[in-house]
Amino acid sequence: YKVELRAIARVLVTSGCKEGKVGDLIQDIARVFGVDLDRAMSRRTVRRAVLEGLVASQVQLGVEMHYAEGHLTMSSDSTSRRKLNYQSHHIHMRVP
653 YKVELRAIAR VLVTSGCKEG KVGDLIQDIA RVFGVDLDRA MSRRTVRRAV LEGLVASQVQ
713 LGVEMHYAEG HLTMSSDSTS RRKLNYQSHH IHMRVP
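In short: position in the sequence shown from 1, add 652, done, that's my numbering.
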């Protein structure tokens with residue numbers, strides 16, 4: 653599938669659409685605009701597109717952290733409540 657369709661799938665999933673419904677929804681949207689798609693995107697393909705977006709965002713974060721040139725602050729905190737641990741991590745950086 654093209655980059656644009658995978659990006660639409662990621663937007664739909666992050667908006668709350670179920671992965672199994674995304675393929676049919678994309679076909680319906682394409683039909684409204686007069687485009688006929690050959691096949692619907694499967695749930696597995698949608699899941700892979702979402703994972704692809706996650707990996708790309710992590711790579712982008714790593715590159716930006718590398719070029720932050722010392723303007724980077726990292727912090728973390730943790731607490732527990734009823735024998736459950738909660739951890740938070742925060743990164744602040746100045747990016748040109």
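Ideal Cβ placement from N, Cα and C applies to all residues, glycine included.
As the structure is a computational prediction, the values presented were derived from the model and not from experiment.
Spatial neighbours of residue i in its chain, beta-carbon cut-off 6 Å, leaving aside the 5 residues before and after
| i | result |
| --- | --- |
| G705 | R662 |
| L689 | Q679, A682 |
| M726 | I743 |
| K735 | none |
Outcome for residue i when other beta-carbon atoms lying within 10 angstroms are tallied against a minimum of 16
| i | result |
| --- | --- |
| V747 | exposed |
| I660 | buried |
| G675 | buried |
| M693 | buried |
Where residue i falls: helix, strand or coil (DSSP)
| i | result |
| --- | --- |
| R746 | coil |
| H741 | strand |
| R733 | strand |
| L724 | strand |
| R691 | coil |
| S667 | coil |
| K673 | helix |
| G705 | helix |
| G714 | helix |
Contacts around residue i, its chain only, beta-carbon distance under 8 Å, and the 5 residues preceding and following it disregarded
| i | result |
| --- | --- |
| E671 | V665, R695, V698, R699, V702 |
| S732 | Y738 |
| S728 | Q739, S740, H741, H742 |
Close beta carbons around residue i, own chain, < 7 Å, minus the five adjacent residues each side
| i | result |
| --- | --- |
| H723 | M745, R746 |
Is the segment 655-674 close to the segment 697-704, with three or more CB pairs under 8 Å? Note that the segment 655-674 touches the segment 697-704; at least 3 beta-carbon pairs, one per stretch, sit closer than 8 Å.
Quick check: the segment 708-722 against the segment 735-745, are there 3 or more CB pairs under 8 Å? Using a Cβ-Cβ distance cut-off of 8 Å, the segment 708-722 and the segment 735-745 are in contact, since at least three pairs of beta carbons, one from each stretch, lie closer than that value.
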